[in-house]
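Take the sequence shown: its letters are residues 954 to 1186, numbered as in this note's numbering. All residues carry an ideal CB built from backbone N, CA and C; glycine is no exception. First comes the structure, then the notes that go with it.
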Amino acid sequence: MLRFDLISIFPEYLAPLKLSLLGKAQEKGVISINVHDLRDQTTDAHHSVDDTPYGGGAGMVMSAVVWGDAIDQVSKNSSNVDLVILTPAGKKFDQRMAEQFSKSQQIIFACGRYEGIDARVGKYYRQQKNFRVHEVSIGDYVLGGGEVAAMVIIEATARLIPGVLGNPESLKEESHSLATDSSESLVEYPNYTKPASWRGLDVPEILLSGNHGEIAKWRRAESERRTQELETE
Ligand code: 6GU
């Protein structure tokens, strides 16, 4: 069972993880998702989690002391932890990374806010033999914090775990998994369902033909055309 732990100062922000596919997967016991409030680790009266940056500059930096205590707490007794530090300065998340994470035992998501987490946190856990540390971004834009990014990563990762999807066949043909080599990955072909004619728009004739060989060829060509279209935008 893959165990996901998320540490955040806004645990309520992560409530949607109980819903839909991920909620069902937790009920089935295929995954577990555990949300932790970073402020539970603070010892001062104000429950502060951040401070001004050394060297000056705008914004606040999240405390290594508080993060270290929280990560220690959530990883105690764990022999094999992937620590994901969410930051717009991280490596770009993609389907290949989701496939790797889906084989993990435990993934801890450090959801930072403000100007980020003291850089020593990643450095420290990289030195621990039971940890693999990943600094990850979900795209080239800046969010207010890592919570939504963590949800994106969990949703993409969990659905690759056997037993999470109702119909595992749906994994095979979808966007980004047509090729085993993700450098050659194509987006999905267009899908249609009844009615065959809607507001003057007809479903492509070939899909009504029952000729599975020709349908497969057409779909492949559509995937290539759409992928090409995205690349030339
Ligand atoms: Cl992981 N965090 C923040 N704050 N912004 C982001 C991001 C992460 N990925 C893209 N933008």
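Tell me whether residue i is buried or exposed, calling it buried when 16 or more other Cβ atoms sit within 10 Å of its Cβ.
| i | result |
| --- | --- |
| ASP958 | buried |
| HIS1165 | exposed |
| LEU1039 | buried |
| GLY1069 | buried |
| SER973 | exposed |
| VAL1014 | buried |
| ILE1061 | buried |
| GLU1158 | exposed |
| TYR1145 | exposed |
| MET954 | exposed |
| LEU1154 | exposed |
Below 8 angstroms CB to CB, which residues in the same chain sit around residue i once its five sequence neighbours on both sides are set aside?
| i | result |
| --- | --- |
| GLU1175 | TYR1142, PRO1143 |
| ALA978 | ILE984, ALA1111, ILE1114, GLY1116, VAL1117 |
Using the Cα positions of residue i and residue j, report the straight-line distance between them to the nearest angstrom.
| i | j | result |
| --- | --- | --- |
| GLU1183 | GLU1177 | The residue you asked about is not Glu; residue 1183 is Leu in the sequence shown. Each residue's Cα considered, the two are about 10 angstroms apart. |
| TRP1151 | LYS971 | 36 angstroms |
| ALA1132 | ARG1066 | Summary for ALA1132: the model assigns pLDDT 47, below 50, so the residue's position carries little reliability, and this model does not support an answer. |
| SER1123 | HIS1000 | 46 angstroms |
| SER961 | THR1180 | 37 angstroms |
| ALA1063 | GLY1075 | 10 angstroms |
| LEU1096 | GLY1163 | 47 angstroms |
| ALA1169 | ALA1149 | 19 angstroms |
| ARG1073 | MET1104 | 25 angstroms |
| SER1055 | ARG992 | 29 angstroms |
| GLU1167 | ARG956 | 43 angstroms |
Once the 5 residues before and after residue i are set aside, which same chain residues still bring their CB inside 7 angstroms of it?
| i | result |
| --- | --- |
| THR996 | none |
For the structure I just gave you, are there three or more beta carbon pairs, one from the region 959-973 and one from the region 1096-1110, closer than 8 angstroms? Taking a cut-off of 8 angstroms on C-beta distances, the region 959-973 touches the region 1096-1110, as three or more cross pairs fall below it.
Is the region 1013-1021 close to the region 978-988, with three or more CB pairs under 8 angstroms? By the Cβ rule, the region 1013-1021 does not count as touching the region 978-988, because fewer than three pairs are nearer than 8 angstroms.
Whole runs of the beta strand (DSSP E) within the region 1001-1056, excluding any shorter than 3 residues: DSSP assignment within the region 1001-1056 yields the following whole beta strand (DSSP E) runs of 3 residues or more, N-terminal first: 1034-1045.
Are the region 1082-1090 and the region 1043-1059 in contact at 8 angstroms, needing three or more beta carbon pairs? By the criterion of at least three beta-carbon pairs nearer than 8 angstroms, the region 1082-1090 is in contact with the region 1043-1059.
Hey, which unbroken runs of the alpha helix (DSSP H) at 4 residues or more fall wholly within the region 1082-1148? At a cut-off of 4 residues, the continuous stretches assigned as alpha helix (DSSP H) that sit fully inside the region 1082-1148 are 1100-1111, 1123-1126.
So within the region 963-990, which uninterrupted beta strand (DSSP E) runs reach at least 3 residues, ignoring any that extend past its ends? Here the runs fully enclosed are 984-990.
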